[in-house]
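Scroll down for the structure; my scribbles are underneath it.
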Amino acid sequence: TSFLLGDIITGSKTTWGSSVRLGGFQVQRNYSTRPDLITYPLPQFIGQAALPSTVDLIINGQKTSSTEVQSGPFILNNVPFINGKGEAVVVTTDAVGRQVTTSVPFYISNTLLKPGLFDYSLSLGKIREDYGLKNFSYGKFASAADARYGVNDWLTVEGRTELSSDLQLLGAGSVLKLANLGVLSASFTQSKADKSMSEDRTKDLEGNQYTVGYSYNRNRFGFSINHNQRDDEYTDLSRLQYSNLISVNSNKSLTANTYFATKNSGTFGVGYINTKANDFKNRFLNLSWAPVLPTYMNGVTVSLSANRDFIEKEWSAAFQLSIPLFQRNATVNSGYAFNKQGDTGYVNFNRSVPSEGGFGVDLTRRFNENSEDLNQARVNYRNSYINTDFGLSGNHDYNYWFGLSGSLIYMAGDLFASNRLGESFALIDTNQVPDVLVRYENSLIGRSNKKGHIFVPSVTPYYSGKYSVDPIDLPSNFTITQVEQRIAAKRGSGVVIKFPVHQSISANVYLTQADGKPVPVGSVVHRADQESSYVGMDGIVYLENLKPNNTVTVQRSDQSICKADFSVDVEQAKQQIVVVKPVTCHEVSLP
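The numbering of the sequence shown is UniProt numbering, which starts it at 1 and goes up by one.
In structure tokens form, the structure reads like this:
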């Protein structure tokens with residue numbers, strides 16, 4: 001659940017509702033705080049194994065998992081994230097090599113909610129007016145709420161309400177999976193607005209809106225059709241402050257789209273739009289094709305499209321070409337459009353700023369048959385601290401702009417500069433040890449500063465990202481007990497991640513027996529409050545966390561025991577691992 005106070009945009013959990021800006025308060029369910037949670041239903045595949053077996057799951061011809069199961073019933077629910085119709089093949093191979101193959105069709109839609117999941121948004125406040133023109137301009141008090149609930153695997157119900165002193169609105173809808181035949185959606189909304197909103201101001205405005213849609217997707221093919229209709233007097237919060245538009249509110253729209261992809265010829269698309277209102281009509285047909293080009297063209301892409309305007313009774317067409325350069329670090333883009341009002345086109349060169357920082361450039365020339373050509377140039381430079389942007393556009397009379405952006409962050413007693421802040425950020429603390437290599441998700445971030453800090457300006461919110469330090473470059477007298485941590489940060493906030501890097505007083509101690517011979521290899525060295533160590537060749541034992549004066553007890557393989565006392569130069573040990581020799585281990589008589 002998320003809470004927001006200030007200027008907000010009302011939630012739109014449904015596809016048939018509209019949003020409006022308010023100054024107030026909002027609470028809503030926020031499933032993005034659980035990146036591991038899949039909110040839509042996924043199929044489960046149930047089987048039976050007579051013997052311990054291996055079960056392979058093949059989705060749309062691709063093997064996605066292999067699971068070892070014991071004899072008896074089993075359930076597979078590790079379906080990959082796909083959308084639309086598919087086919088699963090479950091192959092069960094038992095211990096003696098016998099196979100049983102089962103084919104199961106399924107349909108997945110991410111517009112549904114899992115059974116029992118409840119999604120909602122509630123907003124309260126005053127309607128924001130004159131947005132972009134005036135500061136702190138607010139109108140009437142209003143509220144808006146919408147919600148969705150997963151009834152079962154194939155049905156999700158929806159609801160919406162909007163209220164103000166001049167408006168009451170209530171709507172309901174549903175999303176229904178038609179087995180393996182696609183998804184059907186529908187909604188109906190009714191509104192009632194005060195008579196002050198009408199032209200003659202003599203009667204209240206009562207209006208309806210309804211929507212209906214259908215979609216079907218499968219591998220390399222998709223189709224959708226949607227119809228939306230509202231009448232003259234339908235009103236919602238987005239129209240409340242624009243009463244002069246209600247007279248042209250009546251609207252009917254029909255949109256239909258389909259695409260199909262082929263292995264060798266590319267992807268073809270067809271779209272149709274038909275919109276009618278009180279004072280205008282639009283009816284368009286769009287045809288598009290993105291061909292598959294030979295691999296030797298190294299990433300070159302082409303797209304072609306044609307449009308038919310049935311009202312104006314004219315055709316238009318366009319093509320676009322993109323050519324990658326410099327190992328795909330830059331692209332040349334070109335496009336041309338043919339239409340009755342005049343042809344237009346452009347040529348563009350783009351090189352984005354590398355992820356590690358540096359220079360980027362964007363050069364564009366646009367030409368129009370009925371107007372002057374337009375030139376545009378833009379140069380961008382980014383490093384770890386700032387982002388600069390310089391550009392110009394025009395023909396004979398140019399406009400110029402320059403931008404400089406960055407961030408200052410005070411965190412954990414340290415000040416950092418960064419070119420940007422992401423949705424979340426992190427600070428790595430290596431316990432005041434400088435120059436420690438730090439990685440985030442296996443990507444090198446840099447080295448800790450003099451205070452043992454390094455700032456990570458952008459991390460994925462609510463995701464347990466992997467932060468790690470590299471102990472290889474640590475001086476030999478430093479130790480670390482944990483080199484990797486997984487921590488999640490909330491959206492809009494930061495997190496401090498501490499790694500226990502400590503300077504250790506360490507020494508290689510040469511232990512000798514009373515007769516002057518080295519203590520035998522494998523003897524166990526015990527110290528109070530420390531882990532045991534083992535004697536190596538020549539009686540050498542490596543010891544950490546030493547004090548100026550130390551006592552060790554040595555237990556040899558024959559169970560005999562001796563004790564040794566030795567001193568360490570602490571100041572010298574802070575610089576390097578010291579060598580202490582010889583240290584005589586005196587025999588201890590056993591009772």
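Yeah, the Cβ is synthetic: ideal placement off N, Cα and C, and Gly gets one too. The model shown is predicted, which means the values in this text are computed figures rather than measured ones.
Suppose contacts are defined by Cβ-Cβ distances below 8 Å. Is residue i in contact with residue j by that definition?
i: residue 592; j: Leu546; result: No answer is possible for residue 592: the residues shown for the chain start at 1 and end at 591.
i: Glu531; j: Thr479; result: no
i: Thr551; j: Asp565; result: yes
i: Glu369; j: Asp397; result: no
i: Val456; j: Ala426; result: yes
i: Ser123; j: Ile311; result: no
i: Gly403; j: Ser458; result: no
i: Pro80; j: Asn180; result: no
i: Asn419; j: Arg382; result: yes
i: Tyr214; j: Leu170; result: no
i: Thr262; j: Ala290; result: no
i: Arg462; j: Tyr440; result: First, the amino acid is wrong: residue 462 is Tyr here, not Arg. Taking 8 Å as the Cβ cut-off, Tyr462 and Tyr440 do not qualify as a contacting pair.
i: Asn329; j: Ser316; result: no
i: Gly182; j: Glu158; result: no
i: Lys563; j: Val583; result: no
i: Thr512; j: Gly539; result: yes
i: Tyr107; j: Gly72; result: no
For residue i, I'd like the list of residues in its chain whose CB is within less than 6 Å of its CB, leaving aside the five on either flank, ordered along the chain.
i: Phe223; result: Tyr216 and Thr258
i: Gly125; result: Leu22, Gly23 and Gly24
i: Arg556; result: Pro520 and Ser523
i: Lys498; result: Asp429
i: Gly269; result: Tyr259 and Ser288
i: Ser164; result: Lys140 and Ala142
i: Asn228; result: Thr211 and Ser253
i: Asn30; result: Ser2
i: Ser448; result: Thr430, Pro434, Val436 and Ile454
i: Gly272; result: At residue 272 the sequence reads Tyr, which differs from the Gly that was named. Cβ within range, chain order: Ala256 and Leu285.
i: Tyr40; result: Asn110 and Leu112
Which whole-angstrom value is the C-beta distance of residue i and residue j, which I expect to be below 8 Å?
i: Leu321; j: Ser305; result: Incorrect: roughly 13 Å between the Cβ atoms, too far for contact.
i: Ser303; j: Asn274; result: The Cβ separation is near 24 Å, so there is no contact.
i: Lys203; j: Asp166; result: Not a contact, Cβ separation roughly 14 Å.
Using a Cβ-Cβ cutoff of less than 8 Å, which residues in the same chain neighbour residue i once the five nearest sequence positions on both sides are dropped?
i: Ser12; result: Ser18, Ser19, Ser121 and Asp146
i: Gln70; result: Ala49 and Pro52
i: Gln575; result: Asn477
i: Gly452; result: Asp429, Thr430, Asn431, Gln432, Val433, Pro434, Val436 and Val501
i: Ser393; result: Leu374, Asn375, Gln376, Ala377 and Asn399
i: Ser238; result: Ser18, Ser19 and Val20
Would you report the Cα separation of residue i and residue j, rounded to the nearest angstrom?
i: Val206; j: Asp232; result: One detail in the question is off: residue 206 reads as Glu in this sequence, not Val. Their Cα atoms are separated by approximately 9 Å.
i: Val353; j: Gly360; result: 4 Å
i: Pro43; j: Ala142; result: 41 Å
i: Phe280; j: Arg128; result: 29 Å
i: Glu356; j: Ser187; result: 48 Å
i: Val519; j: Gly536; result: 9 Å
i: Asn219; j: Ala488; result: 35 Å
i: Pro339; j: Arg283; result: At residue 339 the sequence reads Asn, which differs from the Pro that was named. Rounded to the nearest angstrom, the two C-alpha atoms are 16 Å apart.
i: Lys313; j: Tyr336; result: 21 Å
i: Ser247; j: Gln209; result: In this predicted model, Ser247 has a pLDDT of only 46, less than 50, meaning its place in the structure is not dependable enough to derive any value.
i: Ile323; j: Pro294; result: 13 Å
i: Gln482; j: Asn60; result: 43 Å
i: Trp401; j: Gly132; result: 21 Å
i: Asp36; j: Arg230; result: 39 Å
i: Thr331; j: Thr301; result: 11 Å
i: Gln559; j: Tyr534; result: 14 Å
i: Tyr346; j: Gly299; result: 20 Å
i: Thr1; j: Val27; result: 7 Å
i: Asn286; j: Gln341; result: 18 Å
i: Gln190; j: Ala412; result: 54 Å
i: Val379; j: Asn348; result: 14 Å
i: Leu117; j: Asn135; result: 39 Å
i: Gly6; j: Ser137; result: 13 Å
i: Ser424; j: Leu176; result: 37 Å
i: Thr64; j: Asp389; result: 45 Å
i: Val541; j: Gln485; result: 31 Å
i: residue 599; j: Arg366; result: Missing from the structure shown is residue 599; the chain here goes from 1 to 591 and no further.
Residues in the same chain with beta-carbon distance under 7 Å from residue i, minus the five sequence neighbours each way, listed in chain order, please.
i: Phe74; result: Gly47, Ala49 and Val55
i: Asp414; result: Lys451 and His453
Problem - Inter-stretch contact at 8 Å, needing at least 3 Cβ pairs: the segment 106-122 / the segment 146-164 - result: yes
Practice task
Count the CB pairs spanning the segment 370-377 and the segment 405-412 that are closer than 8 Å, and state whether there are at least three.
Solution key: no
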